[in-house]
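For reference, the structure discussed in these notes is given below.
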Amino acid sequence: MRKVVAATFLSLDGVMQAPGGPDEDPTGGFTHGGWTVNYWDEVTREAIAETFSEPFDLLLGRKTYEIFAAYWPYVDKDDAIGSLFNPATKYVASRSTQPLAWQNSVAIDGDVTAAVKQLKHGDGPVLLLQGSGDLIQTLLAADLIDEFRLLIFPLLLGRGKRLFGKGAMPAALKLTKSKVSTTGVTINTYVREGEITTGSFAAQEPSAAEIERRARMAREG
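Structural data, given as structure tokens:
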């Protein structure tokens with residue numbers, strides 16, 4: 014079975030919108046595009062190189078595809094990332110009828126969840142999600158993401174599109190790898206680890222005040 018890996022940049026408050034520049038995605042009045050740029054160092058570059066060191070197909074939403082398709086085909090043929098992205102198969106979740114001009118692009122124009130399930134059960138390399146916030150939300154809700162590779166930047170953006178929205182499927186995660194860059198970027202890899210388990214630190218015999226507090230919370234909904 015193929016693995017779906019979501020690799021993305023996040024602020025401390027979970028925003029993933031427009032990390033690379035102000036013109037990437039200004040929708041919703043987002044004015045902080047390019048918020049990752051001043052944090053790059055050798056450690057973050059090595060982390061990105063590691064993500065792309067294994068064979069992969071790209072899994073993209075339409076907006077991220079358009080950003081990539083307007084950039085990567087035009088870089089130097091020896092560019093380290095462009096030389097991987099350009100020949101890779103790109104699976105694109107899109108309702109648009111516009112053609113996909115970037116080489117090796119394949120449209121997913123029906124049920125995205127069903128299509129990704131079918132891809133996962135086929136043969137091939139890792140399915141690597143880049144950006145694509147709306148697509149990530151769809152796949153999270155369907156419990157189809159196996160691994161998260163998150164670069165968490167030390168800043169708060171306050172607004173913007175977030176990785177974990179209301180539709181995210183509750184799940185336990187296991188941290189399998191972690192490092193910190195010289196600029197304070199935390200680079201974490203998480204894999205799925207089953208269902209969430211819960212417990213309680215509450216006293217076995219709650220006080221009358223605690224019983225009343227619980228009743229008040231229940232009334233308030």
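The numbering used here applies: residue 14 is where the sequence shown begins, and numbers increase by one.
Cβ atoms here follow ideal geometry from the backbone N, Cα and C, with glycine treated the same way.
Practice task
Pull up the distance between the alpha-carbon of residue 191 and that of residue 201, whole angstroms please.
Solution key: Taking the straight line joining both Cα atoms gives about 4 Å.
Exercise for the section: Please go through the same chain and pick out, in chain order, the residues whose beta-carbon is closer than 8 Å to the beta-carbon of residue 75, but skip the five residues on each side of it. Expected result: Excluding residues up to 5 positions away in sequence, 105, 106, 107, 108 and 109 lie with their Cβ nearer than 8 Å to the Cβ of residue 75 in the same chain.
Problem - Alpha carbon of residue 77 to alpha carbon of residue 227, nearest angstrom - result: About 46 Å.
Exercise for the section: Taking only heavy atoms of the ligand ZN into account, decide whether any of them is closer than 7 Å to the Cβ of residue 28. Expected result: Ligands displayed in this structure: none; no statement on the ligand ZN is therefore possible.
Practice task
Under the assumption that residue 98 contacts residue 72 (Cβ atoms under 8 Å), give the Cβ distance between them as a whole number of angstroms.
Solution key: Wrong, their Cβ atoms sit about 13 Å apart, outside the cutoff.
Exercise for the section: Identify the continuous beta strand (DSSP E) that holds residue 161 and give its terminal residues. Expected result: Per DSSP, residue 161 belongs to the beta strand (DSSP E) from 160 to 166.
Handout entry: Coil, strand or helix - residue 157 by DSSP
Key = Shown here, residue 157 sits in coil according to DSSP, grouped into three states, outside any helix or strand.
Handout entry: Given residue 153 as reference, the closest of 174, 53, 184 and 36 once Cα atoms are compared
Key = The candidate whose alpha carbon is nearest that of residue 153 is 184.
Exercise for the section: Answer yes or no: do residue 42 and residue 31 have a C-beta to C-beta separation smaller than 8 Å? Expected result: No; because the gap between Cβ atoms is not below 8 Å, this pair is not in contact.
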